[in-house]
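Each number in my numbering comes from the position in the sequence shown (counting from 1) with 181 added on.
Read the structure below first, then the notes.
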Amino acid sequence: MTMFGGFFEGKKILVTGVAGVKGSWLALALLEAGGEVIGLDIKSPEADSNFSAAGLGEKISFVQGDVTDLSLLQNLMRGVDGVFHLAALALVGDARQRPLETYCANTLGTAAVLEAIRLSDSVKYAVFVTTDKVYKSKGDEVWVETDPLVATGPYPVSKACAEYIIADYYRSYLRPAGKRIGVGRAGNVIIGGDFNSSRRTGGAGRIFVDCVEALMEGLAPEIFTPKFTRPYTYGLDILAGYMSLMSQLDCEDVDGEAFNFGPHEQYGIENALLASEICELWGNGVTWQSGTPRDEPFEKQSLSWEKARERLGWQPAYTLSEALRATVRWYREWAERGKAAGEGGMYEFNRALIAEHLAAVHELGVA
Ligand SMILES: NC(=O)c1ccc[n+]([C@@H]2O[C@H](COP(=O)([O-])OP(=O)(O)OC[C@H]3O[C@@H](n4cnc5c(N)ncnc54)[C@H](O)[C@@H]3O)[C@@H](O)[C@H]2O)c1
Numbered sequence: 182m183t184m185f186g187g188f189f190e191g192k193k194i195l196v197t198g199v200a201g202v203k204g205s206w207l208a209l210a211l212l213e214a215g216g217e218v219i220g221l222d223i224k225s226p227e228a229d230s231n232f233s234a235a236g237l238g239e240k241i242s243f244v245q246g247d248v249t250d251l252s253l254l255q256n257l258m259r260g261v262d263g264v265f266h267l268a269a270l271a272l273v274g275d276a277r278q279r280p281l282e283t284y285c286a287n288t289l290g291t292a293a294v295l296e297a298i299r300l301s302d303s304v305k306y307a308v309f310v311t312t313d314k315v316y317k318s319k320g321d322e323v324w325v326e327t328d329p330l331v332a333t334g335p336y337p338v339s340k341a342c343a344e345y346i347i348a349d350y351y352r353s354y355l356r357p358a359g360k361r362i363g364v365g366r367a368g369n370v371i372i373g374g375d376f377n378s379s380r381r382t383g384g385a386g387r388i389f390v391d392c393v394e395a396l397m398e399g400l401a402p403e404i405f406t407p408k409f410t411r412p413y414t415y416g417l418d419i420l421a422g423y424m425s426l427m428s429q430l431d432c433e434d435v436d437g438e439a440f441n442f443g444p445h446e447q448y449g450i451e452n453a454l455l456a457s458e459i460c461e462l463w464g465n466g467v468t469w470q471s472g473t474p475r476d477e478p479f480e481k482q483s484l485s486w487e488k489a490r491e492r493l494g495w496q497p498a499y500t501l502s503e504a505l506r507a508t509v510r511w512y513r514e515w516a517e518r519g520k521a522a523g524e525g526g527m528y529e530f531n532r533a534l535i536a537e538h539l540a541a542v543h544e545l546g547v548a
């Protein structure tokens, strides 16, 4: 089955933040689409990670290093056609504890990637992954790409600053040099292989991971902000958005643009509903309970992705329920077989999930 119009076939792609959740799935999806992947991350992949579960260490060229290191980036970009920049301190609560580190990685790191692209003879395409948290709260209204980037807090501000730098590099250097770039602002991702629970991250974890972690141990998940809504979207849908974006950067109305990517449920989903569905899918009769409230940037998050639909032909292939089913299946498989199988134990299972998602995408007739 041709994917993304064959754009990635034979292309050499650099993924920053490849040891992370999205980076590891993106590397797999790029391999499936016929690309060659070079991956950069500051940490060596953890044993409990999708990177290790998928055995990516043997399938891509992995380099451990800091995304702010310009000469390293220049070396890595030799002969590279495209760059997906994902490396970041990606947890809001974690960023709040480490503001300077966050600004270095998220803002300066983005500037370093832009500079390396400016100096590169080969890189023509780049997609920069920021976040929907660059916007300011609009209550019940949906965020659109023309909304001002008036974020608060280290994570949102570091990403908003990165966006200003991206826009300036694009105008001043990259567009005049014929290089094409896009920005992806996604909602909250749900997908297997995320181990960022509150327990593992000093209280900064993701709610769906907290749920799965507790349920695996037969405990009741504690949900800290049950009434808050988030635009939870299946990870492979978001990655299909980023790949769709890169593959269409030669189009006038795509190059240099930012795109929101979110779920069918544009007004977001309550954390309580998310937790209830996960508990039901897990099926051991355990249900969630309210935990201590935690400081979160927005009560409501609603995301319009009309622009992505109109210009990229993108839309999410999975509903929330389908996304949760696929996600819960991943953790069950990992708990029952993948973890014991060790490095690479989830590779074939991950490929099957990617193929199922691709089939759903083709059934919808979207890009
Ligand atoms: N997961 C979500 O819900 C979500 C939503 C919107 C946007 N995003 C963005 O998507 C991207 C990926 O997020 P994720 O959920 O996979 O997070 P993640 O934490 O799993 O992955 C980020 C990776 O970047 C690496 N990294 C951090 N600082 C680095 C540095 N200085 N040099 C090199 N690597 C560095 C980390 O080690 C990590 O492996 C991030 O830019 C994040 O802000 C994530």
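Here a beta-carbon is modelled for each residue, glycine too, at the ideal position from N, C-alpha and C.
Supposed close pair Ala411, Asn452 - CB separation, criterion 8 Å: Note on residue identity: the sequence assigns Arg, not Ala, to residue 411. Indeed they touch by this definition, with Cβ atoms about 7 Å apart.
Checking 8 Å against the spacing of the C-beta atoms, do Lys488 and Phe530 come in under that value? no
N-terminal and C-terminal residue of the beta strand (DSSP E) that Glu529 is part of: Per DSSP, Glu529 belongs to no beta strand (DSSP E); it is in the alpha helix (DSSP H), 528–545.
Gly186 burial status per 10 Å Cβ neighbour count (16 or more: buried): exposed
Based on the DSSP secondary-structure assignment, which residues constitute the bridge partners of Phe309? His266, Val364
Whether Arg475 touches Gly384 by CB criterion (8 Å): yes
Would you mind stating whether Asp418 and Tyr499 have Cβ atoms separated by less than 8 Å? yes
Would a C-beta distance cut-off of 8 Å place Ile194 and Val261 closer than the cut-off? yes
Return no unless some Cβ of chain B is closer than 8 Å to the Cβ of Leu396. In the structure shown, chain B cannot be found, because there is only a single protein chain.
Leu221, DSSP secondary structure in three states: strand
According to DSSP, simplified to helix, strand and coil, what is Arg381? coil
Look up Gln482 in the DSSP assignment and say whether it is helix, strand or coil. coil
What residues come near ligand 1, if near means a beta carbon less than 5 Å from any of its heavy atoms? Gly198, Ala200, Gly201, Val202, Lys203, Asp222, Ile223, Lys224, Asp247, Val248, Leu267, Ala268, Ala269, Ala271, Ala286, Val310, Thr312, Ala367, Asn369, Val370
Simplified DSSP assignment, three categories, for Leu195: strand
Would you mind working out which of Glu217, Ala210, Glu282 sits nearest Ile223, comparing C-alpha positions? Glu282
With a threshold of 6 Å on Cβ separation, who are the neighbours of Glu217 within its own chain once the five nearest residues in sequence on each side are excluded? Lys193
At the level of alpha carbons, what is the spacing between Gly526 and Arg518? 8 Å
Give me the Cα-Cα distance between Asp391 and Arg380, rounded to the nearest whole angstrom. 8 Å
Going along the chain, which residues of its own chain have a beta-carbon closer than 8 Å to the beta-carbon of Val315, five neighbours each way excluded? Leu330, Ala332, Pro337, Lys340, Ala341, Glu344, Arg366
Quick one: is Ser301 buried, meaning 16 or more other Cβ sit within 10 Å of its Cβ, or exposed? buried
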